[in-house]
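K.L.:
Residue 520 in our numbering sits at position 181 of the sequence shown, and the numbers go up by one each step.
Glycine included, C-beta positions come from ideal geometry on N, C-alpha and C.
Pasting in a structure now, in structure tokens, and then I'll have a few things to ask.
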Amino acid sequence: MAHIVQGFQYRPVRNTAGDTIRPIGLVLHVAQGNGSQFNWFNDPRSQVSSNLWAGKAGQREQYVPSDVRAWAQLAGNGTYNSIETEGFDTEALTPEQIESVAVAYADGVHAFGWALAVTDTPGQSGLITHGAGNLAWGNHPGCPGAIRAGQRQQIVVRAAQIVGGSASPTQPKVVALQHAVHVAADGVWGPATDAALAAVRANQHTRAEQAAVGATVDGAWGPRSQAAYVATVRTIQSILEVGVDGVWGPVTDRAFVAARNSYFTG
Numbered sequence: 340m341a342h343i344v345q346g347f348q349y350r351p352v353r354n355t356a357g358d359t360i361r362p363i364g365l366v367l368h369v370a371q372g373n374g375s376q377f378n379w380f381n382d383p384r385s386q387v388s389s390n391l392w393a394g395k396a397g398q399r400e401q402y403v404p405s406d407v408r409a410w411a412q413l414a415g416n417g418t419y420n421s422i423e424t425e426g427f428d429t430e431a432l433t434p435e436q437i438e439s440v441a442v443a444y445a446d447g448v449h450a451f452g453w454a455l456a457v458t459d460t461p462g463q464s465g466l467i468t469h470g471a472g473n474l475a476w477g478n479h480p481g482c483p484g485a486i487r488a489g490q491r492q493q494i495v496v497r498a499a500q501i502v503g504g505s506a507s508p509t510q511p512k513v514v515a516l517q518h519a520v521h522v523a524a525d526g527v528w529g530p531a532t533d534a535a536l537a538a539v540r541a542n543q544h545t546r547a548e549q550a551a552v553g554a555t556v557d558g559a560w561g562p563r564s565q566a567a568y569v570a571t572v573r574t575i576q577s578i579l580e581v582g583v584d585g586v587w588g589p590v591t592d593r594a595f596v597a598a599r600n601s602y603f604t605g
């Protein structure tokens with residue numbers, strides 16, 4: 340029997356051969372456009388489809404059953420489900436989209452035993468990006484983009500809450516921030532988390548900041564450290580739900596201070 344994710348409107352499309360699969364995870368895509376993907380995925384000329392689509396305002400559509408191969412990521416189609424997300428790679432997922440993807444992921448945990456994990460390694464169970472598949476998956480390195488890729492931990496945290504397992508932390512936003520600055524993700528904003536975030540906030544090009552942004556810790560702040568810093572700030576901004584521009588300005592700082600006041604345990 341075709342597996343449809345509860346809460347998603349089933350709109351079957353032509354672009355699938357109908358062969359069955361047992362997916363090991365979910366591939367996150369970006370549509371690079373607004374609006375439903377139904378017409379595009381139902382057009383035989385496009386030769387593409389995805390299992391699911393998540394709209395910015397909370398719309399949810401399923402085009403191919405979860406246990407059937409969609410045409411979204413070439414060699415990855417036989418091992419993963421796919422979800423398109425409305426919008427562009429320069430935009431963060433909306434809270435409604437995060438919820439929709441989390442609902443879909445939690446369904447995969449229940450139905451197929453997916454790991455409650457983010458992964459960048461094809462063949463591993465988890466929430467993975469289209470770009471992680473490289474040439475074998477169609478050579479889309481920018482899909483879904485750094486901003487949305489950085490929101491995957493939020494999605495998995497929320498999926499864990501939906502599943503109701505012990506992996507459910509008490510503060511999803513703190514866990515997401517901890518992943519962003521490469522410290523233990525225990526959901527508690529303690530001294531280690533605070534120090535890592537403070538290093539990014541101060542942006543003094545220290546070794547501590549290099550560690551926090553995931554750059555090589557060598558004390559030499561070059562282009563790679565700077566790129567890692569900008570990517571980290573963009574991720575933090577998406578978690579704090581402020582404008583994502585990679586610049587830690589007054590708006591970002593106010594949101595950070597508000598979050599710290601709410602979660603810091605001392």
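For the 8 Å Cβ check, are there 3 or more pairs between the region 346–353 and the region 448–455?
P.N.:
no
K.L.:
If you count every other CB in all the chains shown that lies within 10 Å of the CB of GLY417, and 16 or more means buried, which is it?
P.N.:
Your numbering for residue 417 matches position 78 in the sequence shown. It is exposed - the Cβ of GLY417 has fewer than 16 other Cβ atoms within 10 Å.
K.L.:
State the start and end residues of the unbroken alpha helix (DSSP H) segment that holds LEU536.
P.N.:
To locate residue 536, count along the sequence shown from 1; it is residue 197. Segment 530–541, the alpha helix (DSSP H) holding LEU536.
K.L.:
Return the chain-ordered list of same chain residues with a C-beta closer than 6 Å to the C-beta of ASP459, the five sequence neighbours on each side being excluded.
P.N.:
To locate residue 459, count along the sequence shown from 1; it is residue 120. If we look at ASP459 and ignore the five residues flanking it on each side, its Cβ neighbours are ALA471.
K.L.:
Here's the rule: buried if 16 or more other CB atoms are within 10 angstroms of the residue's CB, otherwise exposed. What is VAL344?
P.N.:
Residue numbering aside, residue 344 sits at position 5 when the sequence shown is read from its first letter. So VAL344 counts as buried.
K.L.:
Straight-line CA distance for GLY374 to GLN401?
P.N.:
Against the sequence shown, residue 374 aligns to sequence position 35. Against the sequence shown, residue 401 aligns to sequence position 62. Cα-Cα distance, rounded: 14 Å.
K.L.:
Could you pull the DSSP bridge partners for ASN420 from this structure?
P.N.:
Start at 1 with the first residue of the sequence shown, and residue 420 comes out as number 81. LEU365, per the DSSP bridge assignment.
K.L.:
Taking the DSSP output, what are the residues bridged to LEU466?
P.N.:
Position 127 of the sequence shown, counting from 1, holds the residue named residue 466. In the DSSP output, where bridge partners are listed per residue, LEU466 has LEU365 and VAL457.
K.L.:
Considering only their Cβ atoms, is the gap separating HIS342 from SER405 smaller than 8 Å?
P.N.:
As a first step, residue 405 is located in the sequence shown; it is residue number 66 there, counting from the start. As a first step, residue 342 is located in the sequence shown; it is residue number 3 there, counting from the start. Going by C-beta atoms, SER405 is nearer than 8 Å to HIS342.
K.L.:
Taking the straight line between their C-alpha atoms, what separation do you get for THR468 and ASP525?
P.N.:
Within the sequence shown, numbered from 1, the residue matching residue 468 stands at position 129. Within the sequence shown, numbered from 1, the residue matching residue 525 stands at position 186. For THR468 and ASP525, the distance between alpha carbons rounds to 24 Å.
K.L.:
From the DSSP secondary-structure annotation, give me the bridge partner or partners of ALA393.
P.N.:
By one-based count along the sequence shown, residue 393 stands at place 54. DSSP lists ARG399 and THR424 as the beta-bridge partner residues of ALA393.
K.L.:
Where does GLY489 fall in DSSP's three states?
P.N.:
Counted from its first residue, the sequence shown places residue 489 at position 150. Coil.
K.L.:
What first and last residue would you give for the alpha helix (DSSP H) that runs through TRP379?
P.N.:
One-based indexing of the sequence shown puts residue 379 at position 40. Run containing TRP379: 377–380, per the alpha helix (DSSP H) assignment.
K.L.:
Between the Cα of TYR326 and the Cα atoms of VAL552, VAL583 and VAL556, which residue gives the shortest distance?
P.N.:
One cannot answer for residue 326 here, as it falls past the ends of the chain, which runs 340 to 605.
K.L.:
Given this structure, state the Cα-to-Cα distance separating VAL407 from VAL369, to the nearest angstrom.
P.N.:
On the sequence shown, residue 407 is found 68 positions in, with the first residue counted as 1. On the sequence shown, residue 369 is found 30 positions in, with the first residue counted as 1. In a straight line, the C-alpha of VAL407 is about 21 Å away from that of VAL369.
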